[in-house]
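Taking it in order: structure first as structure tokens, then the write-up.
Protein chains in written order, with my numbering: chain B, 80 to 225; chain G, 2 to 109.
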């Protein structure tokens, strides 16, 4: 199980063109979500979308521009929760643009899905789970036999 | 005793509960045996057990007078589902960006 999301996609367009769609509020809203983004380091902005109660999300993503390198790199925090002041999603979104064969390679990294000790996830491999099921079966058999 | 149902991320956010899961990953344990590993009271341990149970991280089997806790997959699946949701979210958005860029180029 992983706790970072990565996507690499190649566009037949210049880094400048792609950068526009990452940093101009009206253009960003067309493909991502309505926002009040400004391409300024330290700028705090929001994305607004429909609430998702199933994910304890009130529909507002709280962000802050952490790093900005025109046409190359854009990093912002991405935080959300059930209501203002309560944050249960504290992540970072990082965009990297690389010119490639006349187009742009866009790398998205979304990281920070809970600072969970990765050892927890290494616990849940198939072999171990099989052992646990066997124990549960033994316990159930033992219980039934009483 | 009313125990709240927390989402999977809230459940694993607590260090005591993470340690309980690590203990249970090695073997099933009774609540009493679990409690021996912590300074907190037995009711406090029971509360954590109930929280983990409600979120699908453990199953509980009563054998005689003992409650046996066994770690299970469901809670962990919910964690994975959440991340998968975001994974699909971004894949969709990046595709949408591609369409916009292509349309913009065509309209020039």
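Glycine included, each C-beta is placed from N, C-alpha and C at the ideal position. Small disclaimer: the values here were computed from a predicted structure and weren't measured.
Hey, how far is the Cα of residue 65 of chain G from the Cα of residue 74 of chain G?
Stepping through the second chain from its first residue, residue 65 of chain G is reached at position 64. Stepping through the second chain from its first residue, residue 74 of chain G is reached at position 73. Each residue's alpha carbon lies about 25 Å from the other.
For residue 182 of chain B, which beta-bridge partners are listed by DSSP?
On the first chain, residue 182 of chain B is found 103 positions in, with the first residue counted as 1. Partner(s): B/179.
Taking 8 Å as the cut-off, does the stretch 120–138 of chain B touch the stretch 159–167 of chain B (at least 3 CB pairs, one atom from each stretch)?
yes
With a threshold of 8 Å between beta carbons, is residue 55 of chain G in contact with chain B?
As a first step, residue 55 of chain G must be located in the second chain, where it is residue number 54. No, no contact with chain B.
Say whether chain G places a C-beta atom closer than 8 Å to the C-beta of residue 98 of chain B.
Within the first chain, numbered from 1, the residue matching residue 98 of chain B stands at position 19. Not an interface residue.
Have a look at G/56, G/93 and G/62 and flag the residue whose alpha-carbon is nearest the alpha-carbon of residue 80 of chain G.
Numbered from its first residue, the second chain carries residue 80 of chain G at position 79. The residue with the shortest Cα to Cα distance from residue 80 of chain G is G/56.
Taking only beta-carbon positions, decide if residue 84 of chain G is within less than 8 Å of chain B.
Residue 84 of chain G sits at position 83 when you count from the first residue of the second chain. Taking Cβ atoms only, chain B reaches closer than 8 Å to residue 84 of chain G, which makes this a yes.
Members of the stretch 5–20 of chain G that neighbour chain B once the beta carbon cut-off is set at 8 Å
8, 10, 11, 13, 14 and 19
What residue ranges within the stretch 90–130 of chain B form continuous beta strand (DSSP E) runs of no fewer than 3 residues, ordered along the chain?
123–127
Closest to residue 171 of chain B by C-alpha separation, out of B/153, B/103 and B/106, would be which residue?
Your numbering for residue 171 of chain B matches position 92 in the first chain. Selected option, being the one with the closest Cα: B/153.
Check this for me: beta carbons of residue 168 of chain B and residue 86 of chain B, under 8 Å apart or not?
Counting from 1 along the first chain, the entry for residue 168 of chain B is found at position 89. Counting from 1 along the first chain, the entry for residue 86 of chain B is found at position 7. Not a contact, by the Cβ cut-off of 8 Å.
Which of the three DSSP states, helix, strand or coil, is assigned to residue 153 of chain B?
By 1-based counting over the first chain, the position of residue 153 of chain B is 74. Residue state, collapsed to three classes: strand.
Using a beta-carbon distance below 8 Å, is residue 92 of chain G in contact with chain B?
In the second chain, residue 92 of chain G corresponds to position 91, counting from 1. So, interface residue.
Cross-chain neighbours of residue 75 of chain G in chain B, by beta carbon under 7 Å
Residue 75 of chain G sits at position 74 when you count from the first residue of the second chain. Chain B residues near residue 75 of chain G: none, gap ~11 Å exceeds 7 Å.
Does the stretch 84–91 of chain G come within contact of the stretch 35–54 of chain G, defined as at least 3 CB pairs closer than 8 Å?
no
Which class does residue 19 of chain G belong to by DSSP, given the choice of helix, strand or coil?
Numbered from its first residue, the second chain carries residue 19 of chain G at position 18. The answer is helix: DSSP assigns residue 19 of chain G an H, G or I state.
Close-in-space but distant-in-sequence residues of the same chain around residue 101 of chain B (CB under 7 Å, 5 per side omitted)
For the purposes of this step, residue 101 of chain B is taken as the residue at position 22 of the first chain. The answer, listed in chain order, is 107, 153 and 174.
DSSP has residue 71 of chain G in a bridge; who is on the other side?
Working through the second chain from its first residue, we reach residue 71 of chain G at position 70. Residue 71 of chain G pairs with G/60.
Residues of chain B with CB closer than 9 Å to the CB of residue 106 of chain G, please, in chain order.
Taking the second chain and counting its residues from 1, the one referred to as residue 106 of chain G is at position 105. The contacting residues are 91, 92 and 96.
Counting C-beta neighbours from all protein chains within 10 Å, is the total for residue 89 of chain B 16 or more, i.e. buried, or is it exposed?
Translated into positions along the first chain, residue 89 of chain B becomes position 10. The residue is exposed, with fewer than 16 neighbouring Cβ atoms inside 10 Å.
Quick one: residues in its chain with C-beta nearer than 7 Å to the C-beta of residue 19 of chain G, no 5 flanking neighbours on either side, listed in chain order?
For the purposes of this step, residue 19 of chain G is taken as residue 18 along the second chain, with counting starting at 1. Same-chain partners within the cutoff: 13.
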